[in-house]
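K.L.:
Structure incoming, see below.
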Amino acid sequence: MIKQILNDIDQNQAEIIAGLRKLIEMESSDGKATKAQEFVLKELKEMGFMTECFREDERSSSQVDYSPNRF
Amino acid sequence: MNEVHLKWIIPPTDFEYHPEAYNVAGTIKGKGTVPSLMLFSHIDTEAENYFGKFENPYQSTIHDGKIIGLGASDDKGGVAMMLYAVKTLLKYVPQLPYDLCVMSILGKHGGGFGTLSALMKGYTGENSIYLHPAETGHGFAEIKNISLGVVDLDISVKGKPGKLHDDLSEGVNAAVLISYLVTYLEKYNQQMRDKNRFDFGSFKGEPSFILNVGTIEAKGGYGGINQRAKCCVRIRFYKPLTIEGVVEDLSKYLKECCEKEGKVNFADVIIERGSFRATPAQVETEDPFVQLIEKKITDVTGIHQFIHQYHGGSDIRLPMLYGKSHCVGIGPACALPQQNSGQMEWISIDDYINGVKILASILFEYCNFDQK
């Protein structure tokens, strides 16, 4: 089956390349990622994923990632 | 530690996301006969004008076997690889034996707003892959399995005004004092690099400690005596060193230097927390999950020799530290503007397609994965 999977990817190269180009053309610098995320969200939903969108500004790595004795 | 000199200030706010930006996580429940798996990469890019070279950053072009555009490699290429690999796999294996989590996250601020937030919400996998290009340019020959600890520090020193603004007979110029401190920092760096070396892996014998003075700041103009000068320092380190231990040790060293040399009064030195800190983490190269990834890369690309690479504060640390996950970073050949003389960001089309194949192969083979 792995050969079929790899062959499938080869057959769909044009779509895979177009998909990345589409993502690039969706503005997402300076912390804006909304349009590109909408694309990702739609794709995941179509594949049958349970999805969640979230944002937690109160937590930054500076606050949490400081546990010298914990690990 | 001298509490007067070491002030941990409130978290810095040097980066803010657009109010509407958000993370996306998707999960598929499997049969549960194989350990869970998580894939993640970041959707946001560098700022449009970060490198000042993009005439139209949101235009993608194809040239010389490359897809060129802002985010091509960092890290929309990673997001696209995840989507197309998973999509292909699910066509052939609609009912997975493992729980699969796929995340497109916000990557800035050391993963604090993205990967870390997701982990704190409970998203993880017993094994995980961070799809991100190798910043070193190694492409799929690089297995990112070590995340060095990081601590950023702002070290400042107070000067003393003279009777007149340029009176050096009574005044003390902080710009001169900071130059002494930078000399001490360089000595400390050398001492720590001699003492701390990797005792395993691709970088065995090389220093596992890096202290970099990124900025020296004093604003006295040409003739003024600076009453305060600052340098910004990033320290990267590996176990058994810890963030707290490194800061304590450095503080002690600077105090000793100041007292011994007599040029700077340590009471005038202030060490404050900078913008980033990260705890070191690592997954062993002998880990069965690492072995599986390497095997699939070899199958697709023919690469046999791997570089087990360290990075400073990589997102791979977060699933390891907070999600109990074996996490590895892999990615295609690409160029980031900072490694490409400020020129365009690109991703190799062949390697991008190979990346989808590698990931799909891993996802497929993982259906029979045995962690032992």
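Protein sequence lines, in the order shown, are assigned to chains A and B.
Numbering-wise, our numbering puts 64 at position 60 of the first sequence, and it's gapless, one number per residue.
Numbering-wise, our numbering puts 132 at position 79 of the second sequence, and it's gapless, one number per residue.
Note that CB positions come from ideal geometry on N, CA and C, so glycine has one too.
1) Which residues in the same chain have their Cβ closer than 6 Å to the Cβ of Y111/B, if we skip the five residues on either side of it in sequence?
2) For a contact defined as C-beta to C-beta under 8 Å, what are the partners of F417/B on chain A?
3) By Cβ distance below 8 Å, which residues in the same chain neighbour Y405/B in space, the five residues on each side in sequence not counted?
4) Specify the secondary structure class of E428/B as computed by DSSP and reduced to three states.
5) Hey, how far is the Cα of S66/A from the Cα of G366/B?
6) Can you name, in chain order, every residue of its own chain whose Cβ lies under 6 Å from the Cβ of H191/B, other than the five neighbours on each side?
7) Name the two residues that bound the continuous beta strand (DSSP E) containing F290/B.
8) How long is the line joining the alpha carbons of L412/B and I383/B, rounded to whole angstroms?
9) Kindly list, in the order they appear in chain A, the residues whose Cβ is closer than 7 Å to that of N421/B.
10) Could you check how far apart the C-beta atoms of A331/B and G163/B are, in whole angstroms? I think they sit under 8 Å.
11) With a floor of 3 residues, list each beta strand (DSSP E) that falls wholly inside the segment 67-153 of chain B, ordered by position along the chain.
12) When DSSP labels each residue in this structure, what does D14/A get in the three-state scheme?
13) Can you give me the start and stop residues for the beta strand (DSSP E) that N180/B sits inside?
14) Quick one: does Q17/A have its CB under 7 Å from some CB of chain B?
15) Roughly how many whole angstroms lie between the Cα atoms of F58/A and E314/B?
16) What are the residues of the segment 118-134 of chain B that lie near chain A, defined by any Cβ-Cβ distance shorter than 8 Å?
17) Classify K84/B: buried if its beta carbon has 16 or more other beta carbons within 10 angstroms, exposed otherwise.
18) Ends of the beta strand (DSSP E) at R59/A?
19) Can you tell me whether P372/B is helix, strand or coil according to DSSP?
20) Look at the alpha carbon of L143/B and the alpha carbon of N16/A, and state the distance between them as a whole number of angstroms.
21) Residue range of the alpha helix (DSSP H) that R246/B falls in?
22) From D321/B to L234/B, what distance separates their C-alpha atoms?
23) Output, in chain order, the set of chain A residues within a Cβ distance shorter than 8 Å of T141/B.
24) Quick check on N407/B: buried or exposed, where buried means 16 or more other Cβ atoms within 10 Å of its Cβ?
25) In its own chain, which residues sit with a C-beta less than 6 Å from the C-beta of K213/B, not counting the 5 before and 5 after it?
26) Do you know whose CA, among V210/B, F262/B, K348/B, lies nearest Y280/B's CA?
27) I need the straight-line Cα distance from K272/B to T38/A, nearest angstrom please.
28) Should N76/B and I158/B be called a contact, given that it needs their Cβ atoms to be closer than 7 Å?
29) At what residues does the beta strand (DSSP E) containing S401/B begin and finish?
30) Grab the span of the beta strand (DSSP E) containing G34/B for me, first residue to last.
31) Please check if any C-beta of chain B sits within less than 7 Å of the C-beta of A22/A.
32) In terms of alpha-carbon separation, which member of L264/B, I208/B, F193/B lies closest to A227/B?
33) Enumerate in chain order the residues of its own chain whose CB-to-CB distance from E347/B is below 8 Å, with the five nearest sequence positions on each side excluded.
34) Using the DSSP secondary-structure output, state which residues sit across from K213/B in a beta bridge.
35) Is S200/B helix, strand or coil when you go by DSSP?
36) From G160/B, S401/B, T236/B, G122/B, pick the residue whose C-alpha is nearest to that of L371/B; which is it?
P.N.:
So, to answer that:
1) none
2) M5, I6, I9
3) I120, G130, A133, M134, P385
4) Since the first and last residues shown for chain B are 54 and 425, residue 428/B lies out of range.
5) Only weak support exists for where S66/A lies, its pLDDT of 45 falling under 50; the value from the coordinates is given anyway. Distance between the alpha carbons of S66/A and G366/B is about 11 Å.
6) I360
7) 281-290
8) 10 Å
9) Here the premise fails: no neighbours, minimum Cβ distance about 11 Å.
10) 6 Å
11) 76-81, 90-95, 114-116, 119-121
12) helix
13) 180-184
14) yes
15) 53 Å
16) I120, G122, L123, G124, A125, K129, G130, V132, A133
17) With fewer than 16 Cβ atoms within 10 Å of its Cβ, K84/B is classed as exposed.
18) It is not in any beta strand (DSSP E) - R59/A carries neither H nor E in the DSSP assignment.
19) Per DSSP, reduced to three states, the secondary structure at P372/B is helical.
20) 15 Å
21) It spans 227-248 - the alpha helix (DSSP H) in which R246/B sits, taken as one unbroken run.
22) 11 Å
23) I9, D12, I13, N16
24) With 16 or more other Cβ atoms within 10 Å, it is buried.
25) G224, V225
26) The sequence as given places Gln at residue 280/B; Tyr does not occur at that position. Proximity to Q280/B across V210/B, F262/B, K348/B peaks at V210/B, based on C-alpha coordinates.
27) 40 Å
28) yes
29) 399-401
30) In the structure as shown, chain B starts at 54 and stops at 425, and residue 34/B therefore has no counterpart that could be examined.
31) no
32) I208/B
33) I196, F359
34) Paired residues: V225/B.
35) strand
36) Considering only alpha carbons, the answer is G160/B.
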